[in-house]
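Heads up: the sequence shown is residues 17 to 245, going by the numbering used here.
Each remark here refers to the structure printed beneath this line.
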Amino acid sequence: MPTYAIGDIHGCNRTFQALLEQLPLQPGDKLVLLGDLIDRGPDSKGVVDLVFRLREYGHRVVCLRGNHEQLLLDAIADESAWNRWLINGGLEALESFGLARPDQIPELYLDFFRAMPFWYETDGFLCVHGGPDFSLADPLENEHRLLWMRRWYADIDYQWLGDRTILHGHTPEEMEMIETQYRNLETGRYLNLDNGCVYAYRGMLRSDLGRLLAFSLDEGKLFVQKCVE
Ligand SMILES: [Mn+2]
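Written as structure tokens, this is what we have:
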């Protein structure tokens with residue numbers, strides 16, 4: 017089944033749509049969103065609604081949990097965690113719903129966020145938002161770490177990994193570095209698909225960021241869409 021992994025969308029729904037238009041998508045094709053669909057960008061609700069429509073259209077859409085979806089769920093579970101989410105881009109997400117308080121988010125969306133898996137494996141690819149924690153006996157055992165891990169490439173246990181390749185997001189990376197990972201995929205076995213798309217919208221572009229990326233697991237092709245928010 018043709019499968020495409022997509023990096024951190026962060027509410028950049030117009031860019032998400034533009035990227036999807038680049039893909040030769042057929043009904044039944046699978047999308048794996050690598051987490052952080054929401055927060056910071058202009059239309060978090062629209063991103064989730066688009067996932068709902070894609071599913072109605074017959075696509076299999078696997079939406080991994082990112083640290084931002086976890087911050088939202090933590091806020092729903094405990095009012096004292098509201099501020100932590102809101103100051104980390106949750107306010108923009110809440111505004112996209114036209115709501116003033118986290119506890120007003122409709123159950124339909126909460127169920128969507130609660131159902132997000134922490135990792136997903138398909139066709140020789142291990143997909144996870146932050147990354148595995150190779151300091152643990154089972155690098156996938158600590159769910160919290162999977163959402164927040166950074167700078168783990170030097171610790172990869174290739175025996176544990178076997179013939180799999182890791183696809184991840186969470187840490188905005190410049191295109192040059194991503195392209196190097198892409199060229200070395202056979203040996204390195206990891207690819208970051210987060211080029212910090214939302215930072216173009218936020219006007220915080222200090223470096224070569226601002227694109228949303230998709231990777232075709234079957235053809236090994238990289239698709240690049242500039243932020244159009
Ligand atoms: Mn993240």
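Using N, Cα and C, we set each Cβ at its ideal position, and we do this for glycine too.
These figures come from a predicted structure and were not determined experimentally.
Spatial neighbours of residue i within its chain, please: C-beta separation below 6 Å, excluding the five flanking residues on both sides.
i: Leu35; result: Leu228, Ala230, Gln241
Compute the Euclidean distance between the alpha carbons of residue i and residue j, then round it to the nearest angstrom.
i: Phe113; j: Asp24; result: 19 Å
i: Gly27; j: Gly204; result: 30 Å
i: Asp55; j: Gly140; result: 30 Å
i: Glu159; j: Phe134; result: 6 Å
i: Arg199; j: Asp234; result: 16 Å
i: Asp173; j: Ile194; result: 21 Å
i: Gly82; j: Leu89; result: 11 Å
i: Leu47; j: Cys213; result: 18 Å
i: Thr138; j: Pro148; result: 16 Å
i: Asp127; j: Ala170; result: 36 Å
i: Gly178; j: Glu111; result: 44 Å
Taking the CB atoms as reference points, tell me whether residue i and residue j lie closer together than 7 Å.
i: Asn29; j: Val63; result: yes
i: Leu183; j: Leu152; result: no
i: Leu80; j: Gly51; result: yes
i: Gly74; j: Pro118; result: no
i: Leu156; j: Gly146; result: no
i: Ala97; j: Ser60; result: no
i: Glu245; j: Ser223; result: no
i: Trp101; j: Ala91; result: yes
Around the Cβ of residue i, are there at least 16 other Cβ atoms within 10 angstroms (buried) or fewer (exposed)?
i: Tyr217; result: buried
i: Leu142; result: buried
i: Gln86; result: buried
i: Ala131; result: exposed
For residue i, which residues from the same chain have a beta carbon less than 7 Å from its beta carbon, with the 5 sequence-adjacent residues on both sides left out?
i: Phe32; result: Ile25, Val63, Leu66, Leu228
i: Leu39; result: Tyr20, Ala230, Phe239
- request: Note down, one range per segment and in chain order, each beta strand (DSSP E) of at least 3 residues found wholly within the stretch 33 to 118.
  value: 46 to 49, 76 to 79
Whole beta strand (DSSP E) elements within the stretch 111 to 185, 3-residue minimum: 135 to 138, 141 to 144, 181 to 184
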